[in-house]
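Engineer: Here it is: the structure, laid out below.
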Amino acid sequence: MLLVLGGGGYVAWTAVQQPAVSENAPKPVAGDVMFIELNGGQDRVITRTPDGQRAASALRCQRFYRAATTSVCLRLAGPGPTYEAAVMTADNSVIKTIPLPGIPSRARVSASGNIVSWTSFVTGDSYAVPGGFSTRTGFFDLRTGEVTESIEHFDATVQNRPMKAADVNYWGITVAADDTTFYATLASGGLNWLVKGDLKAKTVKSVRQNAECPSLSPDGTRVAYKKRPTPLDKWELVVLDLRTNQEVKLPGTGGIDDQAAWIDERTLAFGMAKDEKKTAIFFVPADASAPAHAEIDNGASPVSVK
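Following UniProt numbering, the numbering of the sequence shown begins with 1 at its first residue and continues without gaps.
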C-alpha cells in the first residue's frame, strides 16, 4: 500500500497487483453473465450462472468486457490516480497493459476476441453536458500487436462533408464480425452522430444523428444505442434495424447512460440507476415486447459469456 499526499492529508492507494482468480472460483462458461459488483465499492468482477449462483474473481475493474478467449479490464493503475486497460486471456492472465489518459468509460472486445477497444474521459466524467467533456477512444489488435491510442486522426465524413473540426470526440466503439467494420459515436459542436468506420482504412462516415454508445447485435443486423430528443431529456435505449433503417424505442429504459450489451440475439443488458439510487443491471427485450426490468442489483458492465 502507498500513501499519497493530497488535499492536506494522506490518501491510501492499494497497488493493483491482483491475483488472476480466487482459487475456488469456477471458470465462466457459456450462458453465464459476468459483471462488476458495486456493493461496498470493491468493483470486483462476478460471474453469475443462469440459476443465479455467483462466484467472485479477484479482478477489480471500473469497466469489464469479454468475448471468445479475451477479456479487458479498465482499472486503477497507480496513484494520481492513473488508469490502464489490462488485456487478458480467458483465465485472466495479462497479455498487455495499455495506459489510459483518464477515467475509464467504455470497453469492448470483438466477437472473435481479436480487437479490444476502450474509451476514457480526458476531461470531465459524464456525457450529460454536450461539450463539457473530452474523450479518447482507442483499440488494440491482438493479431498484430498494434495499439491505436486514438481514432481522432481517422478521416471522417459527416453528412457527406469532411469533418475537420478541432473539437471532435469519439466514444463507444463496437466492432463487427469481420474485425474491420465498426460503429461508434462522433461528437462535434454540441451534436453527435452514429458513425460507421473501417479500422484498416482509418475512415468513418455518419449514419444518423443523435445516437450514442452503439452496440452491434451478434448477427450484425441491428445496433442499439442511447438517444434523447434534447440535452434536457433522459436518454432511452433504441434499436436500429440496419436492413430497414427503422428504429424501435425500448420501454423502461429512460435514464440509461451506458453502452448496452447483447446477452443474446433477443436481449440487451445495461446499467442504470434503480429508483434513482444505486445502479442495477437491467435486461430488456430487443424487440420492445416488454419493459426493462432490474435483473442484478448493485451491478454494472454486464457481458454474456458465449
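Using N, Cα and C, we set each Cβ at its ideal position, and we do this for glycine too. Values in this document were obtained by computation on a predicted structure and should not be read as measured data.
Please classify GLY190: does DSSP put it in a helix, a strand, or coil?
Structural biologist: coil
Engineer: Are the CB atoms of LYS226 and CYS213 nearer to each other than 8 Å?
Structural biologist: yes
Engineer: To the nearest angstrom, how far is it from the Cα of ILE98 to the Cα of ARG60?
Structural biologist: 16 Å
Engineer: Name the DSSP bridge partner or partners of HIS293?
Structural biologist: PHE283
Engineer: Given a threshold of 16 other Cβ atoms within 10 Å of its Cβ, counted over all protein chains shown, does VAL45 qualify as buried or as exposed?
Structural biologist: buried
Engineer: Please report the straight-line C-alpha distance between GLY124 and SER215, rounded to a whole angstrom.
Structural biologist: 23 Å
Engineer: Roughly how many whole angstroms lie between the Cα atoms of GLY254 and ASP179?
Structural biologist: 32 Å
Engineer: Per DSSP, what kind of secondary structure is ASN39 in: helix, strand or coil?
Structural biologist: In the three-state scheme derived from DSSP, where H, G and I count as helix and E and B as strand, ASN39 is classed as helix.
Engineer: Restricting to runs no shorter than 3 residues, where is the beta strand (DSSP E) found entirely within the stretch 46 to 109?
Structural biologist: Runs of beta strand (DSSP E) with 3 or more residues, each lying fully within the stretch 46 to 109, are found at 54 to 60, 63 to 67, 70 to 78, 82 to 89, 94 to 100 and 103 to 109, listed in chain order.
Engineer: CB ILE281 to CB PHE35, shorter than 8 Å?
Structural biologist: yes
Engineer: Would you call the CB atoms of SER120 and ILE103 closer than 8 Å?
Structural biologist: Between SER120 and ILE103, the C-beta spacing is below 8 Å.
Engineer: Out of TRP235, LYS306 and ARG243, point me to the one whose CA is closest to THR271's CA.
Structural biologist: As written in the sequence, residue 271 is Gly, which differs from the Thr given in the question. Residue TRP235 is the option with its Cα nearest to GLY271.
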